[in-house]
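Per full-length UniProt numbering, residue 1 is the first one in the sequence shown, and the count goes up by one each step.
We treat Cβ as the ideally placed atom computed from N, Cα and C, and that holds for glycine.
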Amino acid sequence: MLGNHESKDGADRFCRQYLQQERDLDYPSAAVLQEAYTQNLLYERLFADGAVAYPPPPRYRLRVLKELVKRIEASIDDWDQYGVSDDLMSSLSELLALPLPSELAAAQQKSYVTYSPSLLDQSRPSSSPHQITLLESRNLISAAGTTGLRTWEAALHLGQYLCTNPALIQGKRMLELGAGTGYLSILCAKFLETTQVIASDGSDDVVANLPDNFFVNGLQDSERISAMDLKWGYGLMGTEEAEWNGGRPIDIVLGADITYDKSIIPALAGTLDDLFGMFPEVKILIAATERNRETFDAFLDVCQGRNFAVDEVNFKFNNAIEASLLRDAFSVVHPKHKIPHSYRKCSAQFMSRIGVTKGFLDRQMCNRLGVLVA
């Protein structure tokens, strides 16, 4: 019989991945699954009535529970000593009785996805679990002319970095470009003690949906976070408003997966230039998944044309397996006439073996983090 601690570790990882709606889950080992303690833990945390305030869609729950029960049955080597939880079997029967949408229809529907930033300091005071729940289109790449309907890998990656470097955000006034579902903005407002957060996007639909995700995370009445329609390439200075953002300063700008399309890079660079012009001391931190080296090179070329310098700093791993799957780096970018030595060399430890990052580790993509500072 295994100790409860070992059973709980395997169950914790599985629960995080389940709530994030990962396609391929790390099911606990056979020795762990056959334990009544593990089965009861999984039922109470995932499948009991009211266990999850915003659960995954029924089709996903059914697929996972069927596979879970199948694995439990296969794990049992002594039916006199072990068995399958009656509660899990009852939950499976209830799901089997539900009318479910087709797989195609389900893939196009929005659903609640819950992320657990593994590197968030668990000692931080919080009235709620260290989780971020978002209503998003988990299986759509783009729709209605925007890619902002789901949370992308670079946002999760940048979130992990911020969790290990909270001083970058604490007490600061932050603007997020291309906020999409609002993952980073909500992380900063909810857990990282950011003074003011503006979640901006160029899609009207995305901006209109952001308050829903603020509400789900208990931020509907918060004065610390707001949504803004901000289209890149349109001048921030010299508009009808006397002062952009009411004259309120910005200390740091975040952007995740906003360099994926060569056609939008000049407009993005123009907006960054405006931000540098209005806020000379602003720091801009960008994370990008490098799916196409040519596209990322185009971003670097535009930065050079704008007189931005780029420093790349290796991103260290604590896990050799992850290092073989994903190569990361930091890019430090700033106007060439100012090259602060403190930003020349920086590194961070990146640990991830939970649901928060599993979704992109399997894709063998190269990720980059870029820091733009005046």
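Bridge partners - residue i, DSSP secondary structure assignment
i	result
Leu177	Gly255
Met228	Ser200
residue 378	The structure shown has nothing for residue 378, since the chain only spans 1 to 374.
Ala105	Beta-bridge pairing links Ala105 to no other residue.
Rounded straight-line distance, which links the Cα of residue j to that of residue i
i	j	result
Ala267	Gly255	14 Å
Gly305	Asp261	18 Å
Gly182	Val282	21 Å
Tyr82	Gln34	6 Å
Thr210	Arg224	Checking the displayed sequence, the identity of residue 210 turns out to be Leu instead of Thr. Going by the C-alpha atoms only, they are around 14 Å apart.
Asp201	Tyr54	25 Å
Arg291	His157	15 Å
Asp362	Met237	Low confidence applies to Asp362: its pLDDT is 28, below 50, so where it sits in the model is not reliable enough to give any reading.
residue 411	Ala106	Outside the shown range of the chain (1 to 374) lies residue 411, about which nothing can therefore be said.
Thr194	Ile169	6 Å
Leu96	Pro58	9 Å
Ser91	Pro117	28 Å
Ser185	Ala167	16 Å
Ser102	Leu300	44 Å
Arg173	Arg71	49 Å
Phe14	Ser226	33 Å
Ala189	Leu149	20 Å
Asp121	His130	9 Å
Thr151	Val302	26 Å
Ala48	Asp87	8 Å
Gln196	Phe214	14 Å
Met8	Leu46	Checking the sequence shown, residue 8 turns out to be Lys, not Met. Cα to Cα, the separation comes out at about 14 Å.
Residue i, DSSP secondary structure in three states
i	result
Tyr60	helix
Ile186	helix
Ser111	strand
Ile76	coil
Ala269	helix
Thr133	strand
Glu35	coil
Gln20	coil
Glu67	helix
Tyr82	coil
Trp152	coil
Lys172	coil
Phe14	helix
Arg45	helix
Ile250	coil
Asn217	coil
His93	Per the sequence shown, the amino acid found at residue 93 is Ser instead of His. In the structure shown, Ser93 sits in a helix (DSSP, three-state: H, G or I).
Asp9	helix
Asn245	helix
Met237	coil
Arg138	coil
Gly277	helix
Phe191	coil
Ser116	coil
Phe315	Model confidence at Phe315 stands at a pLDDT of 46, short of 50, so the residue's coordinates are unreliable; what they give is reported in the following sentence. In this structure, Phe315 counts as coil in the three-state DSSP scheme.
Pro28	coil
Phe350	Reliability fails at Phe350, whose pLDDT of 28 lies under 50, so the model's placement of it is uncertain and the value that follows must be treated cautiously. In the structure shown, Phe350 sits in a strand (DSSP, three-state: E or B).
Glu294	helix
residue 378	A query on residue 378 cannot be resolved here, the shown segment of the chain reaching from 1 to 374 and no further.
Leu98	coil
Ala51	coil
Residue i at chain B interface by Cβ criterion, 7 Å
i	result
Tyr112	You won't find chain B in this structure, because it holds only one protein chain.
CB-CB length for residue i against residue j, believed under 8 Å
i	j	result
Leu275	Ile250	7 Å
Glu153	Thr295	Rounded, the Cβ-Cβ distance is 15 Å, inconsistent with contact.
Ala30	Ser75	4 Å
Asp229	Ala155	Actually they are not in contact, since the Cβ atoms of Asp229 and Ala155 sit about 19 Å apart, beyond 8 Å.
Ala199	Glu176	5 Å
Leu119	Cys163	4 Å
Gln20	Tyr115	6 Å
Gly180	Trp232	With 8 Å as the limit, Gly180 and Trp232 do not qualify as a contact, their Cβ atoms being about 14 Å apart.
Ala51	Glu44	6 Å
Distance cut-off 6 Å: residue i Cβ against heavy atoms of the ligand GDP
i	result
Asp26	The ligand GDP is not among the ligands present in this structure, which contains no ligands whatsoever.
Meets three-Cβ-pair contact criterion under 8 Å: the segment 104-124 and the segment 62-79: no
The segment 129-140 touching the segment 243-253, judged by at least three CB pairs closer than 8 Å: no
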